[in-house]
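Notes to accompany the following structure.
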Amino acid sequence: LLGHPATKKPLSYLGPLSRLELDLADDMASRSPTMPDQDGFLPDLSIQRATTPPIKQISHPTSKAKKKPPRVNARWPVIGARNQDFLSASIDPRPIQAWKTDIPQRESRQGHTSIITNRRTWSPYRLNNWLECPRKGWLTDKQNLSEDELTSQDLDSRTYGNLLHGLHHDIMLEVLGLNQGEEFQIADLETKDKSVESSKYDRHEIMMIALTSLSKRAPWLLRSNATSVQKLWMLAGMDTEEWVTWLANPEPMSPRGRVGSIIDMEMRTLGPAPIAVEWSLSKKKEIVIEVPKQLVEKRRKTIPFTATGVIDRVDLVPFDPQGEKWHDEEGSHEVAPLRLLGSGWKPRRMIIIRDLKSKEDFTKPMERHEKAIFGELQLALYSRAWEIAHPGDLVIGAGITTLGFDSKHYIELSVHAPDWVFDGSYGEVTRLTHNMFRFADEGPNTESDPFRAWLTHRMAVASNVAHNANSGLYNPTPDESVCRFCSASNICDQSAKGGFSA
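Rendered as structure tokens:
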């Protein structure tokens, strides 16, 4: 390098290094591997040279997996690569532990620290923050640093999402007699309605129940400002004058607006019986997430951790298409093994785990479901936590429920799901995991359940995140899709520097 000789010493010996950090980061990112091996995926050693994860490829691998399914590849897991003909699918390699430059001062500034912590309790939300970017997790979670939120004239998206969540829950509680946070037992199903459609209420009466809930949860809808008028029209399909008239004389009416969309969705969901809403993992004794070593991918370091959080909704699946047999007395009393193949274990109950998501952006609902399966941890952790807390239960499906203009249930199904779950009365069925996942100790010809393999993989990823966070690894993994929404991006010297893609 050519330059001018320095005339003064720097104020700090780290000064020149901090100036070069962005250049070093760009240089390291430019050296990230892209060339595929003979099987169409990146070589195994490539992960050591990656500085940022291919997040878009991780979250939406389905179309890519059709051409080269990772499940049947000779080696697994694999990371996608691009050649002249196609882009192959990726199994989530995160958390990425960035390679070092042998400059200790730089490494300590870039997250390779010796700060050891011993956090034992983790929620999926916290784990997702650390998974997306360890530095984001360190700054926002551990240091509690973030920029002040700007006040918007529109309704905050989280407030709007909580409102839709609350309306959905109020419908379930009032119509089915559920108690928030409590579970229906098998005996309860003999005396109470099993679904909204089979209840004593018709669509018009349920709309009245929902609007009554809306009036209590959002009294600000009576205001005449633009935000209130717009949200009232979106939610209830009314203008302010109609809303005032209805409040003066509440009566049944035909479903309309987003509220009506939620009701229509529930009227189509005839098969399962909701048995819990807003079920907290802390209701039971500590739920410890742990993956047997033989089922963990070789490069991962994992630790057991206690899971916390709240499951939005739990549905029970019958053992017969008529919906008369809801449990099997001959089923096992032990916690379901992660790999059922050859275990001889039989379920006493079959369960679907649902996570509610409000949706008003331009993302297709199916893409949001796909992201929840491949890019996030919530569904897998909640599924396993329920099984641990309820020995004998088997989660045969999990997915998101989109609440919005076109509300819809999605379910990613296990091979152990009965045939009648495919009839549409349980939600829209997906098989996204079936050509993607196998257990870490299996070969390409395995007959094990891809859904259970996915469940195990996501648990291992979460456990790896917890291990790295507790071990003092806080390196940034910048990606435009993450940095754009990071509340600590203004205090990060590498924000929006990412965008690595294979």
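For the sequence shown, counting from 1, position 155 maps to 155 in the numbering used here; every step adds exactly one. Note that CB positions come from ideal geometry on N, CA and C, so glycine has one too.
CB-CB length for A488 against L139, believed under 8 angstroms: 4 angstroms
Simplified DSSP state of V314, which is helix, strand or coil: strand
Rounded separation between W454 and H416 - CA only: 14 angstroms
Burial state of L125, where buried means 16 or more other Cβ atoms lie within 10 Å: The sequence given here has Tyr at residue 125, not Leu. Exposed.
Alpha-carbon spacing of L413 relative to L281, whole angstroms: 23 angstroms
Beta-carbon gap between A236 and L214 smaller than 8 angstroms: yes
Start and end residues, beta strand (DSSP E) containing P274: A273 to S280
Start-to-end residues for the beta strand (DSSP E) that takes in F305: F305 to A307
Among V465, V429, K357 and W420, the one whose alpha carbon lies nearest that of R158: K357
Reduced DSSP category for L473 - H, G, I as helix; E, B as strand; rest coil: strand
Endpoints, beta strand (DSSP E) assigned at T398: It is Ala, not Thr, that sits at residue 398 in the sequence shown. Run containing A398: D393 to G404, per the beta strand (DSSP E) assignment.
Per-residue DSSP class, three states only, for V465: helix
Beta-carbon contacts of H168 that lie in its chain and below 7 angstroms, excluding the five residues immediately before and after: I262, L356 and L403
Beta-carbon contacts of R348 that lie in its chain and below 6 angstroms, excluding the five residues immediately before and after: H327, D328, G331 and G392
Minimum C-alpha distance to V288 - residue among Q84, M459 and I79: M459
Short Cβ contact (8 angstroms threshold) for I55 with P93: no
Residue interval of the beta strand (DSSP E) (run including Q88): Inspection of the sequence shows that residue 88 is occupied by Ser rather than by Gln. No beta strand (DSSP E) holds S88; DSSP gives it neither H nor E.
Meets three-Cβ-pair contact criterion under 8 angstroms: the region 476-487 and the region 52-71: yes
Buried or exposed by the 16-neighbour rule on C-beta atoms within 10 Å, applied to V72: exposed
8 angstroms contact criterion, which I231 and L155 should meet: CB distance rounded: Sequence inspection shows Lys at residue 231; the Ile mentioned does not correspond to that position. Yes, K231 and L155 are in contact; Cβ-Cβ is about 6 angstroms, under 8 angstroms.
Cutoff 6 angstroms; reference F451; Cβ partners in own chain excluding five residues on either side: S414 and T433
Contacts around P43, its chain only, beta-carbon distance under 6 angstroms, and the 5 residues preceding and following it disregarded: D37
G35 vs A74 beta-carbon contact at 8 angstroms: Position check: residue 35 holds Met in this sequence, whereas Gly was assumed. Taking 8 angstroms as the Cβ cut-off, M35 and A74 do not qualify as a contacting pair.
Pick from K136, R203 and S343 that is closest to V465, judged by C-alpha positions: K136
Cutoff 6 angstroms; reference P69; Cβ partners in own chain excluding five residues on either side: N435
Euclidean distance between Cα positions of N83 and S32: 15 angstroms
Beta-carbon proximity of L189 to Q180, cut-off 8 angstroms: no
Continuous alpha helix (DSSP H) assignments of at least 4 residues falling wholly in the region 63-112: 104-109
Stretch pair the region 190-200 + the region 126-135: three plus CB contacts closer than 8 angstroms: no
Where M350 sits in the DSSP three-state scheme: strand
N-terminal and C-terminal residue of the beta strand (DSSP E) that I186 is part of: I186 -> not in any beta strand (DSSP E); alpha helix (DSSP H) instead, spanning I186 to L189.
Nearest-angstrom Cβ-Cβ length linking T308 and T121, presumed shorter than 8 angstroms: 6 angstroms
Span of the beta strand (DSSP E), counted from its first residue to its last, around I411: K408 to L413
Selection from T212, R258 and R256 that minimises the alpha carbon distance to A248: T212
The region 262-274 in contact with the region 372-391 per 3-pair CB rule at 8 angstroms: no
Simplified DSSP assignment, three categories, for V175: helix
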